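Q: Pasting in a structure now, in structure tokens, and then I'll have a few things to ask.
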Amino acid sequence: MNYLKIAMLVAVVFTLLGCQGEPTGQGYIFEVSEDGRVLVLDDIDNIQIGKRWVDISSNYSGDAIWLKTTTSKYKVGQRVRYWVDGGVDQSFPAQASAKKIEIID
């Protein structure tokens with residue numbers, strides 16, 4: 001009987017650890033900085049890839065967030081969903097540390 005309780009507890013813990021919850025947001029990587037951040041925009045339909053944030057910031061009206069990350073595997077143009085770790089600085093663009101960034105195929 002105790003083995004069954006332990007097995008159920010272990011299963012619940014693994015299930016909870018495996019769940020990331022709903023993503024904080026999603027969009028497209030528009031810029032990758034040298035200091036380990038990626039700029040994610042929710043809409044790049046009318047934006048030319050290859051421009052920089054300073055070139056479009058005055059005309060951009062969608063959501064934008066700089067995410068601090070520990071990896072350099074991300075490339076401009078990739079569609080991603082992301083989860084933040086902690087709070088979000090509500091500047092424009094917003095700023096946060098990424099808990100997880102997942103590339104959407």
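In full-length UniProt numbering, the protein residues as written are 1 to 105. Where a beta carbon is used, it is the ideal one built from N, C-alpha and C, also for glycine. Just so you know, these numbers come straight off a predicted model, no measurement behind them.
Go ahead and pull the three-state DSSP assignment for Val76.
A: Indexing the sequence shown from 1 puts residue 76 at position 76. In this structure, Val76 counts as coil in the three-state DSSP scheme.
Q: Please state if the CB of Ile103 and the CB of Val80 are separated by a distance shorter than 7 Å.
A: On the sequence shown, residue 80 is found 80 positions in, with the first residue counted as 1. On the sequence shown, residue 103 is found 103 positions in, with the first residue counted as 1. Yes. Within cutoff.
Q: Counting pairs of beta carbons, one from the stretch 27-43 and one from the stretch 72-92, are three or more of them closer than 8 Å?
A: Yes, they touch.
Q: In angstroms with no decimal places, state the Cα-to-Cα distance between Gly25 and Lys51.
A: On the sequence shown, residue 25 is found 25 positions in, with the first residue counted as 1. On the sequence shown, residue 51 is found 51 positions in, with the first residue counted as 1. Those two C-alpha atoms are separated by around 22 Å.
Q: Near Gly77, what residues of its chain come up, given a Cβ to Cβ distance below 6 Å and the 5 sequence neighbours on each side ignored?
A: Stepping through the sequence shown from its first residue, residue 77 is reached at position 77. Ile49.
Q: What's the gap between the Cα of Asp55 and the Cα of Phe92?
A: In the sequence shown, residue 55 corresponds to position 55, counting from 1. In the sequence shown, residue 92 corresponds to position 92, counting from 1. For Asp55 and Phe92, the distance between alpha carbons rounds to 14 Å.
Q: Please work out which residues of its chain come closer than 7 Å, Cβ to Cβ, to Val84, disregarding the five sequence neighbours upstream and downstream, and give them in chain order.
A: One-based indexing of the sequence shown puts residue 84 at position 84. Excluding residues within five positions, the ones whose Cβ falls inside 7 Å are Thr24, Ala96, Ser97, Ala98 and Lys99.
Q: Roughly how many angstroms separate the alpha carbons of Gly62 and Gly36, rounded to a whole number?
A: Numbered from 1 along the sequence shown, position 62 holds the residue referred to as residue 62. Numbered from 1 along the sequence shown, position 36 holds the residue referred to as residue 36. Distance between the alpha carbons of Gly62 and Gly36 is about 23 Å.
Q: Report the partner residues of Lys51 according to the DSSP bridge assignment.
A: Residue mapping note: residue 51 aligns to position 51 of the sequence shown, counting from 1. In the DSSP output, where bridge partners are listed per residue, Lys51 has Ile49.
Q: Please name the residue or residues paired with Glu102 in a DSSP beta bridge.
A: Numbered from 1 along the sequence shown, position 102 holds the residue referred to as residue 102. BP columns for Glu102 point to Arg81.
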